[in-house]
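Participant: Count along the sequence shown from 1, then add 15; that gives the number in the working numbering.
Ideal placement from N, C-alpha and C gives every residue a C-beta, glycine not left out.
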Amino acid sequence: MTVLAHLRKSALALPEVEEGARYGRVAFSVRGRGFVSMDDDGHVRLRLPHDEAAAAAAAHPTGELLVLAGTRIGFRVPLADIDGKDLNALVRASWSSRAPKRLAAALAAAESSAGDPDGDLPAGIGRPATQALLGAGLTTLELVAQHTKSELLALHGVGPKAVRILSETLEQQGLALRA
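#1: Sorted by chain position, which residues of the same chain lie with C-beta nearer than 8 Å to Leu185's C-beta, five sequence neighbours on each side aside?
#2: DSSP on His75, reduced to helix/strand/coil?
#3: Which complete alpha helix (DSSP H) runs does the stretch 24-86 hold, if anything under 4 residues is left out?
#4: Let me confirm a value: Pro76 is counted as buried when at least 16 other C-beta atoms fall within 10 Å, else exposed. Which label applies?
#5: Return the CA-CA distance between Thr145 and Leu81, expressed in angstroms with no decimal places.
#6: When we look at the beta-carbon of Val51 and count the other beta-carbons within 10 Å, is it buried (16 or more) or exposed?
#7: Throw me the rounded Cβ distance for the Phe90 and Ala114 pair, which I believe falls under 8 Å.
#8: Quick one: grab the DSSP three-state call for Ile180.
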């Protein structure tokens, strides 16, 4: 059974997401545009394009299409009826449909290059940190070195362990984080 904590983790793992409240519900937005929220009755509401909403409704029979003024705007499903993997995919699709095109494209590019053998970011920092750095345009250790520890920690997905590994790797190459 999926819970609100999983929804929160899934949504906040995406770039520039903010948590707030909308009409008394827990809601998540990207640059001010809402993309997913949680009803008081345990249903998750996802803003999705027409085709993706239809596919979600077909895959999850306990869900329903959301319609506003005769236009299909998304999908609503009991959170308990959807597994974590499907929820992650739906939250990602909802975010992609509401995020600015450049931001969505930057995340897609970062994810596609995360396994790039030409990059010099250390694998030990983990996938979330790698994606966060790539999403912020920090594709090399030289670019990482231009930032402070606190700037790196402010990126969602970059934690103290990743900063420690980056610092050690930079030191081995005669570089250091900006003071």
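Facilitator: Inspection of the coordinates gives the following:
#1: Locating residue 185 in the sequence shown gives position 170, counting from the first residue. These residues qualify, in order along the chain: Leu156, Val159, Ala160, Ala191, Leu192.
#2: To locate residue 75, count along the sequence shown from 1; it is residue 60. His75 sits in coil when the DSSP states are folded into three classes, being neither helix nor strand.
#3: 65-74
#4: In the sequence shown, counting from the first residue as 1, residue 76 sits at position 61. Here Pro76 is exposed. Its C-beta has fewer than 16 other C-beta atoms within 10 Å.
#5: The sequence position of residue 145 within the sequence shown is 130, counting from 1. The sequence position of residue 81 within the sequence shown is 66, counting from 1. Cα to Cα, the separation comes out at about 35 Å.
#6: If you number the sequence shown from 1, residue 51 lands on position 36. Answer is buried; the Cβ neighbour count reaches 16.
#7: Here residue 90 is taken as the residue at index 75 of the sequence shown, counted from 1. Here residue 114 is taken as the residue at index 99 of the sequence shown, counted from 1. 18 Å between Cβ atoms; not a contact.
#8: Looking up residue 180 in the sequence shown gives position 165. Residue state, collapsed to three classes: helix.
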